[in-house]
Every structure is written in C-alpha cells, then in structure tokens.
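Trainee: Taken in order, these protein sequences are the chains called A and B.
For the first sequence, numbering that gives the first Met the number 0 begins at 0 and goes up steadily by one.
For the second sequence, numbering that gives the first Met the number 0 begins at 0 and goes up steadily by one.
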Amino acid sequence: MSTTYRQGTVAAVALPDVLPPLVRRGRTRTFLRRHPTIAAGGALIALMLAIAVFAPWLGTVDPTAIDPIHRLADPSARHWFGTDMLGRDVWSRTLYGARISLLVGFSVAFCAGAAGTLVGVAAGFIRVLDGVLMRIMDGLMSIPPILLAIALMALTRASVQNVIFAISVSEFPRVSRLVRGIVLSLREQPFVEAAVAAGTRLPRIILRHILPNTVAALLVQATYTCASAMITEAILSFIGAGTPPIIPSWGNIMAEGRALWEIKPYIVFFPAFFLSVTVLAVNLLGDGLRDALDPRLAKRL
Amino acid sequence: MIPLLEVTDLKKHFPIRGGVLGRVTNHVYAVDGVSFDIARGETLSLVGESGCGKSTVGRAVLRLIAPTAGEVRLDGERIDNLPAAQLRRLRQRVQVVFQDPFSSLSPRQKVREIIAEPIVNFGLARGAALESRIAGLLEKVRLPRDAMDRYPHEFSGGQRQRICIARALAPDPDLIVCDEAVSALDVSVKAQIVNLLAELQDALGLALLFISHDLAIVEHLTHRVAVMYLGKIVEVADRRTLFSRAHHPYTRALLSAVPVPDPAAKRQRMILTGDVPSPIHPPSGCRFHTRCPFAFDRCRTEEPVLRRVAEGQVSACHLDVPDAPAAA
C-alpha cells in the first residue's frame, strides 16, 4: 500500500449510469396485487362509507318513524330487514347506524392519535415530564377501557360527542406509549444528530424528522383504535351508556332487539353482521398497512 | 497562528446510575483529558480500537454531547460552553459524516430536502440559488443531478455516503468530523469515498477530523495521526513519522496488526494479549501497562505525559526507544 491514491492515479469514478432510471410504474394494479388485504379492507370500508353517506337514497325510510301496526314484521320486500318492536324499519336503522359507528370509529382514531402523539412526543423529548406522563398513562391503562368509558359516560350526558370523548380517553394512552417508544429510538438515530449538527431547531426536528417517521406506526395503530372504538361504542350503546336511544346506532339496535332475539333474531343479527364486517375491514386494512409500511420493506413504499 | 480547532484537556465521563434511587454509583471515563489541534486544511486522524473514546471526542467537538471538562476552541473562540442559540451559528463551520450511511439519512426525506436542510437553516440560499447550490453539491460528490428527487433507499451504501458528504459540505464548513465515515463500506467503495474526501479537501481547503480504527485507510489521506487508548491520546505524529518510526508500544502494536497485501512478507508481529481494561476502572499509572510487553515498575505508578520524542512527534510513554522497528 502506498500513497498513490492521493496523487489521483485511481480517481473516484463518476456514477452517472449506475442509478436505474426514475420510473413510477403503473401503480394501482401493482399495488393491489402486492397488498390484497389493503385492497379488500379498503374496498369494504369504502362500501360502508358509501352506505353511511348515501343512506337516505338506499331505499330507506325515516329510521325513527314508528309504525306499531307493522311491528316485528319478518324481512320482506317492503321491510328488507323486517321491523322492530316499535315497527321501525331495521334496514333503515342499520344503514343510518353505520353513520354513528364510522363517525365514532374515525373520530376516536383521530382524537386518540392526536392526543397520544402529543403526549408521546412530549414524554420522549422532555426528560422531566417522561416519568410523570408515563405513570399517568400506566394508571389510565390499568383501568379496563370499557369500565373507564362507562365511568366517563356516567359523569356526562349521553351524546355522540361524549361517547367519542370517553372512548378517546380510554384509547389514547396506548398510542402515547407507542409514540414515546418510537421517539426515544428515533432521537438517537444518526440522521437526527446530523440534523442537530446542521443547525436545525428542535421544533423543526420534531416536525421534519421525528413525526414523518412515526406516521407509519401511527396509521397502523389508528386502524386498531378505530376498530376497537366501534366495538366499544356498540358495547356502550348496548348497555345503555352510549349513544342516546333516539339515535339509531348498531349497539342501540342490538340492545333493543336483545329481548326478542329468540323469536326475532334478525333484529340483532343484521346490525351485528354490519359491525363485524366493518371491524374486519378496518383490521384487514391495518394488517395490510403494517406489512406495507414495515421499514424493512421500505422499497415497496 | 491560531489553529482552526483546538481541544484542550477534554473530558467526558458518563455517569452510571444504579439502585432504586438512581444514584450515580460510578463513571465511565470515556474521554479523560484529550488535547489536540487541527490547522486549516489539515487532516488529523484519531485512531484506536473500539471503545477507546474516539467517537466521543468527535461528538463532543460537534457538541452533540456536552463535555464534562476541558475546552474546545474554534478559531480561538471557546465553543464548549456556548448557549444553544449562539452555538447554532457556529454549527455552520463544523459538520459531520457518520459511519452508517443507512441510518444517517432520514428515510422520509428526498435527497433535495436532506441537502437543503443545512443551507436553509443557516439562511445561505433560497429559491433558484438553493436549487443550483444543491446541484453543485451533488456534482462535487459525483452523483447525477436526478438524484435530487429520489429517496435515500434508492441508493447503495457508497452513494448514500456521498449524499451524507454533500450534506456536510452544504453549509461550506471549515471542518468536517468523519466518524468512521468509511468503515461500513466495502473495500472498493471505501477507496472511492476516501479519494473523494481527499479531493474535496484539496479543492475546498477543508480540515478533517478523521475518526477511524483502520490504519490502512488513515495512511492514505491523513496529515497527522493521534492514537487513542482508553480515553487518552498516547501518541501524535505526522503520518510519515508514525508509520515509519512509531514510538509508543501501543501504536506499534496497532501498526503491526495492519494486514500487508503480500503473503510472502516476513515481519515481526507484536501481538497484544488480554482485553482492553474497563474504562470504569482504568488502570493506575500508564493505562496501557496491563498489556504492554515493555511495562516496568514506573509504568504502574506514574502516569506518563505526552512529551516530544522527535520532530513532529509526541508520545506518552516512559520508554525511551524511539528507534524500535515499526511494522514493515
């Protein structure tokens, strides 16, 4: 070995041709083939969203209109899903119920995600707050989420906003733990240190380097939060601690059909089926996203 | 003449907390009194085995960690005790290239954003000027212009390291700390990056603090070498002197561990026995006495100081044998 390198006898070669050309290949089809679970989950969720949005035009009547003469009618051409004990149309009620479930699911996923991110980033970056915040989160997580939601609902009036609030409170500690863990591992990463050396201020580091790298995990967590919020909403409504009975939600419909489920099982069956399909769809999407966003498979992004 | 970077008696001790109350039970003496300086346009290599504290020195110079004691001066101005706001201004002049080209680039930023970050932070250019500056930097590190709109995962390790170098060059620094900057690369890519660094240094008059454990690489691009052992510098010499007439027994052991690309070459290897002592309980006297084949009584009690043994060569050893044969 000698110092010939310095004299430039072996110069560093230019690399113009080494990179493959920039191609954004025909995307949708490739994407669907690679991620069938995302496609299936996404399609089912899109269907449910369409049902919720277009409920008034899908052969429904006023879901709260009572018609005692035709109560407990079996499914027929006139009442596709039959009627309940007050003669209300179960098809209409189930379709309108999708609005509540999706609203609660998405709102909780968003609120819990936002609150959890805030707390997680604060705990991850501010050492003195870390212990305090995480012990509070431990405390919240030690109470079963359903019980916490019931307790919170018992303190307030039954309304959709309160349901969203109560479920968000019981869900967000999990998100905050997740975010804190990611933040703690990211802040030691060389690219964050390089940003510090490059003179980037802390808020910008959080915004440009930390948050974009937590999005994948947050998105996956959000789908699970969403699914579990829909189930919690149904449970709360079922036991009468959730959405007010006047608003049709899947939990409410099941609660009202419960007394008659041995003779008129369809009243419980239809909303339960919709709930299961929706939760399944959200979970499929979450699983698909987790696989697709896995950093080890970053090339597929 | 004032050196560009002057480090005086730098110390970094990491506390070890133990027990339920998290009391400080001990310290890791990662860096324990290190002094060196770097002139403008000069390369100083900091070599030593893993765990000797060389990366900690680099991080302390960059103020990614606050030193426990000692002074770091940039152009004569103390930077080790500056408050964050004033420090940020000075960060423009000292940049860094890390070892792992995969984790040192954010996977969610395009190359354009990565390189633009320091330029924008220090308010050096914007708009079209920013664009042409980024293009110029990519050209300097020999990456095609269309690399700008790609994400780091589309590049190989060597190409990523070029992006890291472009980012380090972006704010026009005076000094770049290369923390094992080529250690994670394959041999051929390593040579390319080393040559690139050497060329850039010639062209831009950069000073480099080149932290490495690989003496063969160091030999190609350094002006001076500082050898670290267990948190202390044991020898500093210019390249020629160090590779031909190393004084400190540890340096000689390191040199004899460098592979020679000639299977027929006969040479005397100096093989150290035992492990590096723990930096929590460093040995008394000379820190190297536990492994030194020449250790005698004085080494166990009295700590040697760096003293001049030849022109441009200082060494911390009680032995007085500057002419001992170095590695072939």
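Here a beta-carbon is modelled for each residue, glycine too, at the ideal position from N, C-alpha and C.
Predicted model only: the values in this text are computed from it and were never measured.
Less than 8 angstroms separating the beta-carbons of proline 243 of chain A and alanine 153 of chain A?
Mentor: No, the pair does not count as a contact, with Cβ atoms beyond the cut-off.
Trainee: Look up alanine 252 of chain B in the DSSP assignment and say whether it is helix, strand or coil.
Mentor: Three-state result, alanine 252 of chain B: helix.
Trainee: Give me the chain A residues within the contact set of proline 117 of chain B, using Cβ-Cβ distance strictly less than 7 angstroms, ordered along the chain.
Mentor: Those within 7 angstroms of proline 117 of chain B in chain A are Ala197 and Gly198.
Trainee: What is the DSSP secondary structure of valine 52 of chain A, counted as helix, strand or coil?
Mentor: Residue state, collapsed to three classes: helix.
Trainee: When the cut-off is 8 angstroms and only beta carbons count, does valine 95 of chain B lie next to chain A?
Mentor: Yes, valine 95 of chain B lies at the interface with chain A (some Cβ there is under 8 angstroms from its Cβ).
Trainee: Below 8 angstroms on C-beta distance, what does glutamine 91 of chain B contact in chain A?
Mentor: In chain order: Gly198.
Trainee: Closer than 7 angstroms, Cβ to Cβ, to anything on chain A: give me those residues from the segment 112–140 of chain B, in chain order.
Mentor: Hits within the stretch, in order: Glu116, Pro117, Asn120 and Phe121.
Trainee: Can a CB atom of chain B be found closer than 8 angstroms to the CB of glutamate 192 of chain A?
Mentor: Yes, its Cβ sits closer than 8 angstroms to a Cβ of chain B.
Trainee: Based on DSSP bridge pairs, tell me the residues matched to phenylalanine 13 of chain B.
Mentor: In the DSSP output, where bridge partners are listed per residue, phenylalanine 13 of chain B has B/Val27.
Trainee: Could you check whether alanine 54 of chain A and phenylalanine 273 of chain A sit closer than 8 angstroms to each other, using their CB atoms as the reference points?
Mentor: Taking 8 angstroms as the Cβ cut-off, phenylalanine 273 of chain A and alanine 54 of chain A do not qualify as a contacting pair.
Trainee: Considering only the alpha carbon of each residue, which of A/Ala194, A/Val107, A/Phe80 and A/Arg32 lies closest to cysteine 225 of chain A?
Mentor: Taking only the C-alpha atoms, the option nearest cysteine 225 of chain A is A/Val107.
Trainee: Across the segment 174–188 of chain A and the segment 119–126 of chain A, are there enough close Cβ pairs to call them in contact, namely three or more that are closer than 8 angstroms?
Mentor: Yes, they touch.
Trainee: Hey, is isoleucine 125 of chain A's beta-carbon within less than 8 angstroms of any beta-carbon in chain B?
Mentor: Closer than 8 angstroms: no.
Trainee: Should alanine 83 of chain B go down as buried or exposed, given a rule of 16 or more other Cβ atoms within 10 Å for buried?
Mentor: By the neighbour-count rule (16 or more Cβ atoms within 10 Å), alanine 83 of chain B is not buried but exposed.
Trainee: DSSP three-state label for proline 2 of chain B, please.
Mentor: Here proline 2 of chain B sits in coil by DSSP.
Trainee: Less than 8 angstroms between the C-beta atoms of leucine 229 of chain B and leucine 253 of chain B, yes or no?
Mentor: No. Outside cutoff.
Trainee: Does the beta carbon of proline 211 of chain A sit closer than 8 angstroms to a beta carbon anywhere in chain B?
Mentor: Chain B contact via Cβ: present.
Trainee: Whole-angstrom Cβ separation of glycine 86 of chain A and isoleucine 65 of chain A, contact assumed at under 8 angstroms?
Mentor: The Cβ separation is near 5 angstroms, so the contact holds.
Trainee: Could you list which residues in chain B have their beta carbon closer than 9 angstroms to that of glutamine 188 of chain A, in chain order?
Mentor: Within chain B, the residues near glutamine 188 of chain A are Ser102, Ser103 and Ser105.
Trainee: Where does serine 167 of chain A sit, in a helix, a strand or coil, going by DSSP?
Mentor: Helix, per DSSP.
Trainee: Note down, in chain order, each residue of its chain lying with its Cβ closer than 8 angstroms to the Cβ of isoleucine 245 of chain A, except the 5 sequence neighbours on either side.
Mentor: Thr63, listed in sequence order.
Trainee: Mind checking if histidine 34 of chain A is an interface residue toward chain B, Cβ cutoff 8 angstroms exclusive?
Mentor: It does not: the Cβ of histidine 34 of chain A has no partner Cβ on chain B nearer than 8 angstroms.
Trainee: Out of A/Val214, A/Ile163, A/Leu94 and A/Ala42, which one is the CA nearest neighbour of tryptophan 56 of chain A?
Mentor: Considering only alpha carbons, the answer is A/Leu94.
Trainee: For phenylalanine 101 of chain B, which of helix, strand or coil comes out of DSSP?
Mentor: If DSSP states are grouped into helix, strand and coil, phenylalanine 101 of chain B belongs with coil.
Trainee: Just the Cα atoms here: how many angstroms apart are valine 259 of chain B and glutamine 191 of chain B?
Mentor: Cα to Cα, the separation comes out at about 20 angstroms.
Trainee: Since phenylalanine 35 of chain B sits in a beta bridge, which residues does DSSP pair it with?
Mentor: Answer is B/Val6.
Trainee: 8 angstroms is my cut-off, CB to CB: does histidine 69 of chain A come that close to chain B?
Mentor: No, histidine 69 of chain A lies away from the interface with chain B (no Cβ there is under 8 angstroms from its Cβ).
Trainee: With H, G and I counted as helix, E and B as strand and the rest as coil, what does DSSP make of alanine 325 of chain B?
Mentor: Note that alanine 325 of chain B scores 45 on pLDDT, short of 50, meaning its location in the model is unreliable; the coordinates nonetheless yield the value given after this. The answer is coil: DSSP assigns alanine 325 of chain B none of H, G, I, E or B.
Trainee: Which chain B residues sit within Cβ distance under 8 angstroms of histidine 78 of chain A?
Mentor: Result: empty, since nearest Cβ-Cβ is about 52 angstroms, beyond 8 angstroms.
Trainee: Roughly how many angstroms lie between the CA atoms of proline 172 of chain A and methionine 140 of chain A, to the nearest whole one?
Mentor: Taking the straight line joining both Cα atoms gives about 7 angstroms.
Trainee: Tell me, please, which residues DSSP counts as bridged to aspartate 296 of chain B.
Mentor: Note: aspartate 296 of chain B sits in no beta bridge, so no partner.
Trainee: Chain B beta carbons: is any one of them nearer than 8 angstroms to that of tyrosine 4 of chain A?
Mentor: Bear in mind that the predicted position of tyrosine 4 of chain A carries a pLDDT of just 45, short of 50, making it too unreliable to give a figure here.
Trainee: Which value, in whole angstroms, describes the spacing of the CA atoms of valine 214 of chain A and leucine 177 of chain A?
Mentor: Looking at the two C-alpha atoms, the distance is approximately 11 angstroms.
Trainee: So, is the C-beta of aspartate 185 of chain B closer than 8 angstroms to a C-beta in chain A?
Mentor: Aspartate 185 of chain B does not count as touching chain A.
Trainee: According to DSSP, simplified to helix, strand and coil, what is leucine 81 of chain B?
Mentor: Leucine 81 of chain B: coil per DSSP, three-state reduction.
Trainee: Please work out which residues of its chain come closer than 8 angstroms, Cβ to Cβ, to isoleucine 204 of chain A, disregarding the five sequence neighbours upstream and downstream, and give them in chain order.
Mentor: Contacts found: Val191, Ala194 and Val195.
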